[in-house]
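These protein sequence lines map, in sequence, to chains G, D, S and R. Numbers 1 to 340, taken from this note's numbering, label the letters of the first sequence in order. Numbers 1001 to 1340, taken from this note's numbering, label the letters of the second sequence in order. Numbers 2001 to 2340, taken from this note's numbering, label the letters of the third sequence in order. Numbers 3001 to 3340, taken from this note's numbering, label the letters of the fourth sequence in order. We put the beta carbon where it would ideally sit given N, CA and C, even for glycine.
Protein chains: 4
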Amino acid sequence: MVSFECDYIAGAHPEIIKRLAETNMESLPGYGMDHYTESAKDKIRKSCACPEAQVELLVGGTQTNAVVISTMLKDWEGVIAADSGHVSVHESGAIEYSGHKVLALPGKEGKLEASAVRAYIQKFYSDMTHDHMVFPGMVYISHPTEPGTLYSKKELEELSLVCREYGIPLYLDGARLGYGLMSRESDLTIEDIARLTDVFYIGGTKVGALCGEAVVFTRGNRPEHFLTSVKRRGALLAKGRLLGIQFDTLFTDDLYFRISRHAIDMAEKLKEIIREKGWEFYMDSPTNQQLMIMDEEQMETLGRKVLFDRWGIYDEKHTIVRLATSWSTSEEDLEVLREI
Amino acid sequence: MVSFECDYIAGAHPEIIKRLAETNMESLPGYGMDHYTESAKDKIRKSCACPEAQVELLVGGTQTNAVVISTMLKDWEGVIAADSGHVSVHESGAIEYSGHKVLALPGKEGKLEASAVRAYIQKFYSDMTHDHMVFPGMVYISHPTEPGTLYSKKELEELSLVCREYGIPLYLDGARLGYGLMSRESDLTIEDIARLTDVFYIGGTKVGALCGEAVVFTRGNRPEHFLTSVKRRGALLAKGRLLGIQFDTLFTDDLYFRISRHAIDMAEKLKEIIREKGWEFYMDSPTNQQLMIMDEEQMETLGRKVLFDRWGIYDEKHTIVRLATSWSTSEEDLEVLREI
Amino acid sequence: MVSFECDYIAGAHPEIIKRLAETNMESLPGYGMDHYTESAKDKIRKSCACPEAQVELLVGGTQTNAVVISTMLKDWEGVIAADSGHVSVHESGAIEYSGHKVLALPGKEGKLEASAVRAYIQKFYSDMTHDHMVFPGMVYISHPTEPGTLYSKKELEELSLVCREYGIPLYLDGARLGYGLMSRESDLTIEDIARLTDVFYIGGTKVGALCGEAVVFTRGNRPEHFLTSVKRRGALLAKGRLLGIQFDTLFTDDLYFRISRHAIDMAEKLKEIIREKGWEFYMDSPTNQQLMIMDEEQMETLGRKVLFDRWGIYDEKHTIVRLATSWSTSEEDLEVLREI
Amino acid sequence: MVSFECDYIAGAHPEIIKRLAETNMESLPGYGMDHYTESAKDKIRKSCACPEAQVELLVGGTQTNAVVISTMLKDWEGVIAADSGHVSVHESGAIEYSGHKVLALPGKEGKLEASAVRAYIQKFYSDMTHDHMVFPGMVYISHPTEPGTLYSKKELEELSLVCREYGIPLYLDGARLGYGLMSRESDLTIEDIARLTDVFYIGGTKVGALCGEAVVFTRGNRPEHFLTSVKRRGALLAKGRLLGIQFDTLFTDDLYFRISRHAIDMAEKLKEIIREKGWEFYMDSPTNQQLMIMDEEQMETLGRKVLFDRWGIYDEKHTIVRLATSWSTSEEDLEVLREI
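This is the structure we're talking about:
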């Protein structure tokens, strides 16, 4: 049985395991004060060409979204997101748990359009009763989006412009950032993202780490007393080394980007196989997740050899099936699929 | 200048002021333990033909929604509401402040359809990832709705059925309940509402009181230690008599229903005037709020004699204008309008 | 039966009822935008000799504490209070409901000492792990305190100094402010309080109003978008006139201070009666609440003619009994007591 | 330089690193649905002799306390803890962030006495105003306590009895549980703890793991929809295997207990060295943390060879110094200390 269920089925990239083992008996201070964490932050700043960035390491994606959004929003504000956004749908209400509303706008293939955001904010401020409403205080996007689509540089520039126009931060959830940046269709670099957003995170969990997400505050805008706010949300890891060593490894010799490219190469081959098999794509995705429309019979056949994800319901007889590649996908895995 | 701006422009019904004055120097216990509050609760139970109901008096509408919803939802649940629902839009995120998500579904003229609710819940439970989502834990409707429409008995029965099918409470926000019940198009009585919902509130603020809303838990389902939960939300009034005396008065000799009927009679005359003037209705409303589409010139003319509410934006050149009647609207007020 | 149970047993001062009746049919805008509210705010600013103060009217005391504290604290901060403080003990955890900790310090007869506050803050900042603790972000005091004691001008100046030294606001809960200011032992004026605190509230509920507390932000420090934050906490009153008219009346011709002085005069006579009867004082109080130590027999005797409050447990055989006077206490009430 | 700063200076026990490496490329489902997590839970249940226990793995201690306490408390409840308890002092207000109050009682050498808990609860219920207070809804203890003391079986039985008497859960924070259980003065086994508490957690972070705490609900009392509540608090780890493999390893062949015993053996030798050196103990601790009173000169000498923790301020000239052993402390480390 081979798994294409998601991009977090394997442990960590072997280089990470090796580094964890090598450094294991070193005495290091806790709470991210260790030199590996410092080094990881430096490397990330360099990678982003953003020397003034403040980098913070957290454990997981939902946690990161909740911490970043709730510490950056003001009391009377909510966060704009696409209606398919992770924070809108798949975080069990973690943003609301922090007391803030997700202002969901209809997305287009998972993406938020700058024009829709501008229209929403304009309408908000022209509404005579807006003092009785939730103020738009941040824009959240995921890149790649949940269904695997990508913002173009132009689209991101437009979103950035709207946000600056209204003085609210643009936050990019990069749970799968590597797979987005290495996509053959991407015209965005990590420097672009650092330049165009106010805060974003570089996903580790889905891109080679056991756990960990690196938040980048791109303009010295990390919330005051951030460590205390992280602690109070139960999100401060005692052995910060676990995160520091992983990101230090991922940002040494471009490992993060190299393994992301591998996942994309595998995804491109996966797309070829899907085409060969005549399976129907649900939507065109340039990243590591491929969505197909399948009936029960097709899923039964597929399921004999392969673990996959029932991503959503298409219609009464069809399901949206997701196959995901990752840094750990091998040619052999694809071979199993090809031979179904 | 005559005001049709909203239904809370005047103080209280004169009978209430009289009763407040008459009882003013009586020594009464605080926090709703006084005999006027007891009497008000009894009268409301009788009016609802619901002897087992638990009635609680709170100060305002948003407060009531936040208290009721947050004490009835479980940790992992959110509340389903129409996207135009008061809790969705006009409470500055009060539900989210309590930690819970409003699950907004597209409404139809402000109403939530039972079929849409059922479809949403079915889809939720058939979603493989629903443990990562917010569970639907309550259905919120307003009656009359925000734009002034009404649920029919059949529609309410259907909603009630869905809720019971899934074991979640149906909550009816009756900020303007009197105006709904007394509408000429209503086929619902307050007994029906008590029978078909799990909890609802009888709005006082907009129907003759200075302040106050009476929450009716229709089946002994008042949350445990409710007083403490109310206190902890800053919603416990020290001089509960202020609410008790008002509701006792409103539910003596059907005052609540009589003054509501008056507002409806005034609204019907208002509709005639609108028709006579050739103003365009935005939508047909059988209750005390009438919505019209007006351009700037029309609004300028109107505004010379009358205060009105700019309810929403219709298009670049037109505004949705609201004229509301209430228990305090007089024939003279209408005359001013007629003579514009 | 005569009641000395608490200071909110009667309705409102008759002048307030009269004004509510007189203004009842006026059309006024909602949410505190009416001219009575404006006038009340002006009069309060004048009374405080604080022209730059921002005044906001809220409904009740716990609500006011929760709104003020939670909108002024930063995410990582808590509020210092005496361990007997209302926010520490008797608000069902309303501050914690807003996500913030009450940092309780031992009080002295209900009062917080400047030296204790300074020591606490110094210790906090000298603690190497203070980033893992709750930062002291505000000092809360009540005046009069819960057991009825008063801060002297010197004590308040010292507290003010500590707060300014550490850059945190000093907040004074004046639920019974009038009774404190009019006490024969008080050397503080309302101008002093406006000068020495950063925010305080003038209690209406216990001093002549049906409901209502007036918050005074003394240095242009009202939190941004305060109305929206109030709304989102369910604390925005639709008919703001109810609060505006009451405070406008209370601050016309010094009514607030005159009725407070009356309550103090009654309390002084009450103290004489207590001395005559040989009842034991629990502590010396210069304000409207008198605490005595009584056994069951004494309470039985007292209870035949008078309603009183069992304020606390003294020891296995004795109870702390509270008798409170207020603006509504009459000579006749005292006579009943004297004749027991 | 040798570190005795705390018990989380090293990575994980080498056996854990080995197992992480060996299992690294296995495809496993996420969110704790993997077979290692299942196996870990089974082994923990067996170790506790508590077959009906529900075991859940979380990432860190503060997170675990916040999740357990906030999902088990009812809306109107708070948690009783010693005033020195971790939840009272060192979690940046994480419990309050969840909306609940920590009801701090004076502890005795870090321990909560059953008599104090009973007295507090009795007083609470005899207080006429307790509906305006926070209900005691849980008792929190840490074992070992923050300063390193231990509950005896008798003390734990008494606490258990009080909790059952009042129907509230007893929760034991076992961040350093292994070191407590293996202490030479302990008369408690893990079975005793499972029998006497309602919920407790077995600390991994400080006892051999990179991260991870295992919560044990001892009587089928895991809160409903726990996974969703965990997710909504940002505490659900995608690669649950990281926790599963670690606890599976720790509970294989008693590794958890063996390495804990080693730490205690090292601590006993440490105590001998302290005695030899004539350093003054701050308090007698039977576990892995030793507290001493030192002046600046002593600390300077110590600090030349050894990293230590400034645990607290003793007086103006003296500091409370903590030296901690752990599973990773070696004889060589002690030798460095001996030779100072």
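Which whole-angstrom value describes the C-beta separation of V1102 of chain D and G1078 of chain D, a residue pair presumed to lie in contact below a C-beta threshold of 8 Å? 6 Å
Less than 8 Å separating the beta-carbons of Q3063 of chain R and G85 of chain G? no
Of all Cβ atoms in chain D, is any one closer than 8 Å to the Cβ of Q2122 of chain S? no
Let me check one thing: in DSSP terms, what residues is Y2201 of chain S bridge-paired to? S:D2173 and S:V2215
Environment of K154 of chain G [buried if 16+ CB atoms lie within 10 Å]: exposed
Alpha carbon of D2254 of chain S to alpha carbon of H2262 of chain S, nearest angstrom: 12 Å
With a threshold of 7 Å on Cβ separation, who are the neighbours of G137 of chain G within its own chain once the five nearest residues in sequence on each side are excluded? L73, K74, E77, G78, V79 and I168
List the residues of chain R that V2089 of chain S touches, going by C-beta distances under 7 Å, in chain order. M3133
For P2029 of chain S and E91 of chain G, the rounded distance between their alpha carbons: 41 Å
Give me the Cβ distance between G3212 of chain R and L3057 of chain R, rounded to the nearest whole Å; I'm assuming they're in contact under 8 Å. 6 Å
Y3140 of chain R classed as buried or exposed, judged by whether at least 16 other C-beta atoms fall within 10 angstroms: buried
Short Cβ contact (8 Å threshold) for P2286 of chain S with E2185 of chain S: yes
By Cβ distance below 6 Å, which residues in the same chain neighbour A2049 of chain S in space, the five residues on each side in sequence not counted? E2191
Do you know whose CA, among G:S183, G:G178, G:F217 and G:G180, lies nearest A197 of chain G's CA? Sequence check: residue 197 of chain G is Thr here, not Ala. Considering only alpha carbons, the answer is G:F217.
Does chain D have any CB closer than 8 Å to the CB of H3225 of chain R? yes
For K2043 of chain S, which residues from the same chain have a beta carbon less than 6 Å from its beta carbon, with the 5 sequence-adjacent residues on both sides left out? F2251
Three-state secondary structure (DSSP) of L2181 of chain S: helix
Are G93 of chain G and V1162 of chain D touching if we call contact CB-CB under 8 Å? no
If I'm right that L1291 of chain D touches M1283 of chain D with Cβ under 8 Å, what's the distance once you round it to whole angstroms? 6 Å
Helix or strand or just coil, what does DSSP make of G312 of chain G? strand
Taking a Cβ distance cut-off of 9 Å, strictly less, list which residues of the segment 71 to 95 of chain G are near chain S, in chain order. T71, K74, D75, W76 and E77
Could you give the distance in angstroms between the alpha-carbon of L2112 of chain S and the alpha-carbon of A2082 of chain S? 5 Å
Against T2129 of chain S, what residues of chain R qualify as contacts under a CB-to-CB distance less than 8 Å, listed in chain order? H3090
On the premise that T3071 of chain R lies in contact with S3229 of chain R, defined as a C-beta separation below 8 Å, what is that separation, rounded to the nearest angstrom? 5 Å
Hey, is A2263 of chain S's beta-carbon within less than 8 Å of any beta-carbon in chain D? no
Straight-line Cα distance separating T3129 of chain R from S2098 of chain S: 22 Å
Does the beta carbon of Y2097 of chain S sit closer than 8 Å to a beta carbon anywhere in chain R? yes
Decide if T340 of chain G is buried, meaning its Cβ has at least 16 other Cβ atoms within 10 Å, or exposed. The residue asked about is misnamed: residue 340 of chain G is Ile in this sequence, not Thr. By the 10 Å Cβ count, I340 of chain G comes out exposed.
Between the segment 262 to 273 of chain G and the segment 296 to 311 of chain G, do three or more beta carbon pairs fall short of 8 Å? no
Measure the CB-CB distance between N24 of chain G and A3012 of chain R and report whether it falls below 8 Å. yes
Where K1074 of chain D falls: helix, strand or coil (DSSP): coil
If K231 of chain G and H2132 of chain S are in contact, beta carbons under 8 Å, what's the gap, nearest whole angstrom? 6 Å
Return the first residue and the last residue of the alpha helix (DSSP H) that S88 of chain G is part of. H86 to V89
Let me see if you follow: with CB-CB separation under 8 Å, is S142 of chain G close to chain D or not? no
Which whole-angstrom value is the C-beta distance of N3288 of chain R and R3195 of chain R, which I expect to be below 8 Å? Going by Cβ atoms, the distance from N3288 of chain R to R3195 of chain R rounds to 25 Å, so no, they are not a contact pair.
Proximity to E276 of chain G [Cα-Cα], best of G:R258, G:E224, G:E335 and G:E296: G:E335
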